[in-house]
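Some notes on the structure that comes next.
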Amino acid sequence: MKTFANLLSSLIVAGWIGAIALLSIQNIKLVSLKFLYFKSIEMPVGIVLAFSVGLGVIGGAIVPPLWQLFEQPRRTRASKKYLEYDEYGREEDLS
């Protein structure tokens, strides 16, 4: 299953790279990004798309491990019960 997930993610990234290449060849026009009062320098559309996809891929790779890292302590703190199993595999509450 992990091989299929790796293949699928590689195909998605390859598709994005192909789309960026196609769009950057067709659109050589310079664009600038505006956010609130900030304005970026003028760059070709392909470079803007490449940076956006690159940041998205990096963010998508970093967020899940960080999510799991911050989620684990919450689960261990929440379970304060001490359980013991009898000879039949049933749980007995010892708290």
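Residue numbers (our numbering): 1051 to 1145. Positions of the beta carbon are idealized from the N, C-alpha and C atoms, including for glycine.
For K1052, the first and last residue of its enclosing alpha helix (DSSP H) | K1052 to Q1076 is the extent of the alpha helix (DSSP H) around K1052.
Counting only the same chain and skipping the five closest in sequence on each side, list residues whose C-beta sits under 7 angstroms from that of P1094.
-> Closer than 7 angstroms at Cβ, skipping near neighbours: S1074, I1078 and L1080.
Nearest-angstrom Cα separation, counted from I1067 out to G1096 = Within the model, the alpha-carbon separation for G1096 versus I1067 is close to 10 angstroms.
Under a three-way DSSP split, which group does L1086 fall into?
-> Note: L1086 maps to coil in three-state DSSP.
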